[in-house]
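With this note's numbering, the residue at position 278 of the sequence shown is 278, and numbering never jumps. For glycine and all other residues, C-beta sits at the position ideal for the given N, C-alpha and C. Just so we're clear, the structure is a prediction, and the values are computed from it rather than from any experiment.
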Amino acid sequence: MGGFRQELVAVFGKPVDENPTQAMIEAAFAAAGLDWRYLTIEVEPDALGDAVRGARAMGFRGFNCTIPHKVAVVEHLDRLSQPAALIGAVNCVVREGDELVGENTDGAGFLAAARRRRDPAGMHVVLLGAGGAARAIGVELALAGVASMTVVNRSAERGRELGAVLDPHVDDARVVELDVGYTVPAGTDLVVNATSIGLYPDVDARVPLDLTEVAGRALIADVVPNPPETRFLREAAAAGCETLDGLEMLVEQGRIGFELWTGVEPDTAAMRSALQLAFADSS
Ligand code: NDP
């Protein structure tokens, strides 16, 4: 260390004012003794190309992308990781030499958290949702060798699109159009709510999955990070199921990005408490 120049990373988004990633990543910089800065930057959609060129010009070590830039950023990068290419979206860009490489850490973060509980290889999975988070999780689970995946989604068209992405990588990929509800079949090992149902402030909203047939057996996961203990996970725990919350997934995707940028393993406990504090301040 030395001198006055810091290494820079950032998040580009719009809206971005409420994005809590800076609190999480800067807590990890502090814990690791790194003199880096994480900037929260509002970037208009039509200025994204200029923002990426600016990041190159100013030697940023990388940046996160959030709504609405995750897909649009792809054309401004030099190459993509295999999962990011399959997902078709990038949430984390890493500078490697002169190149900007697009990664997707959303699915990888979920997978890392899931692996801490059970190995996904050979699992039968039910995935609720077909948006950005569901695509990222679905692709990573497929690459991790799940035996079957049933995508349940309200919009049939979006569900079919994700089914088509997964089909070449999963022996048994199915798509179900969500009507009023879906009973998760016996034999399912992992159930994921990858929709925003239950996200603050709609904390009483009900995830339309019936877990009766997998009670006491399946691992139940929720992507919603705030609040981490969602109604869905509370009901799953009451049915005797092991659970995985969206806050852990968020910390894991942050950990992976941090390691890609810095080469240093971050203090994930510090990251989790920083996020909890940030959510408490904004809730
Ligand atoms: P998208 O807008 O891309 O997708 C939303 C998905 O939720 C769609 O499948 C949509 O269905 C479905 N959905 C939304 N409301 C309902 C409803 N009332 N009933 C049925 N289905 C519904 O959003 P994202 O995938 O980007 O984000 C989804 C959630 O994931 C958010 O809560 C976000 O905070 C969380 N997330 C968490 C991360 C983490 O690290 N923990 C990382 C990234 C996201 P349809 O296609 O029919 O519209």
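Sub-8 Å separation of residue i and residue j beta-carbons
i, j, result
"F60", "A10", "yes"
"L209", "V184", "yes"
"T230", "V214", "no"
"P225", "L250", "yes"
"A133", "D106", "yes"
"L77", "L39", "no"
"P83", "A55", "no"
"L247", "P228", "yes"
"M123", "A147", "yes"
"M24", "L275", "yes"
"E366", "R115", "Nothing in the structure corresponds to residue 366, since the chain is present only between 1 and 283."
"G97", "V74", "no"
"A130", "E177", "no"
"V16", "G62", "no"
"G159", "V151", "yes"
"A113", "E252", "yes"
"A28", "A280", "no"
"N64", "G257", "yes"
"A72", "L48", "yes"
"V207", "F232", "yes"
Sheet register partners of residue i (DSSP bridge)
i, result
"N64", "V11, C92"
"L190", "V125, L219"
"N42", "A quick correction: the sequence has Glu, not Asn, at residue 42. According to DSSP, which records beta bridges pairwise, E42 is partnered with G13."
"T183", "D210"
"L5", "The sequence given here has Arg at residue 5, not Leu. Paired residues: none, contrary to the question."
"R79", "V101"
Residue i: first and last residue of the uninterrupted alpha helix (DSSP H) it sits in
i, result
"G263", "Premise fails: G263 is in no alpha helix (DSSP H) and is neither H nor E."
"D50", "48 to 57"
"F232", "231 to 238"
"L275", "268 to 282"
"P83", "82 to 87"
Distance cut-off 7 Å: residue i Cβ against heavy atoms of the ligand ADP
i, result
"R158", "This structure lacks the ligand ADP; its bound ligands are the ligand NDP."
Element boundaries [beta strand (DSSP E), containing residue i]
i, result
"G102", "99 to 103"
"E242", "242 to 244"
Chain C contact for residue i (CB, 8 Å cutoff)
i, result
"A236", "The structure shown has no chain C; it contains just one protein chain."
Run through the segment 13 to 40 for me and flag every whole alpha helix (DSSP H) of 4 or more residues, listed as ranges in chain order. 21 to 32
| message | Please give the ranges of any alpha helix (DSSP H) in the segment 99 to 178, keeping only runs that are unbroken, at least 4 residues long and fully inside the region. | response | 105 to 115, 132 to 143, 156 to 166
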